[in-house]
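In my numbering, the protein residues as written are 357 to 455.
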């Protein structure tokens, strides 16, 4: 999981906002500006915990879904896992009925 995470972060095909989701959650956690101020007991920390938990869940799911190529370079491997045609467009399966 650790090596896949570093491959995910270095992959140019992955959107920048996806890479920064965890960093932005940590910045929210240490920021003095919160949705609920931290000086309110219990509730002030719950919003921080919620943001960190959501970002961690998102990052773990994204890294597990990420599939680098066997050559070590992830270029050319679609993140959505759909088969591609010659032009690189996703091939959508069709239902054929024989009559």
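Here a beta-carbon is modelled for each residue, glycine too, at the ideal position from N, C-alpha and C.
Query - Contiguous beta strand (DSSP E) assignments of at least 3 residues, all confined to the region 367–401 - result: Complete beta strand (DSSP E) runs here, min 3: none at all.
**Report entry** Under 8 angstroms between C-beta atoms of residue 385 and residue 416
**Finding:** Counting from 1 along the chain shown, the entry for residue 385 is found at position 29. Counting from 1 along the chain shown, the entry for residue 416 is found at position 60. Between residue 385 and residue 416, the C-beta gap is not smaller than 8 angstroms, which leaves the two residues out of contact.
Report task. Tell me whether residue 429 sits in a helix, a strand or coil according to DSSP, three-state version. Result -> As a working mapping, residue 429 is identified with position 73 in the chain shown. Confidence in residue 429 is poor, its pLDDT being 49 and thus under 50, which makes the residue's placement unreliable; the coordinate value appears in the next sentence. In the structure shown, residue 429 sits in coil (DSSP, three-state: anything other than H, G, I, E or B).
Report task. Go ahead and pull the three-state DSSP assignment for residue 423. Result -> Locating residue 423 in the chain shown gives position 67, counting from the first residue. It is coil, neither helix nor strand.
Query - Residue of 421, 411 and 362 minimising C-alpha distance to residue 378 - result: Position 22 of the chain shown, counted from the start, is the residue given in the question as residue 378. The residue with the shortest Cα to Cα distance from residue 378 is 411.
Requested in this report: Could you check the C-alpha separation between residue 447 and residue 370 for me, to the nearest Å?
Outcome: As a position in the chain shown, residue 447 is number 91, starting the count at 1. As a position in the chain shown, residue 370 is number 14, starting the count at 1. Each residue's CA atom was taken as its position, placing residue 447 and residue 370 some 21 angstroms apart.
Report task. State buried or exposed for residue 391, treating a residue as buried only when at least 16 other CB atoms are found within 10 Å of its CB. Result -> As a first step, residue 391 must be located in the chain shown, where it is residue number 35. It counts as exposed.
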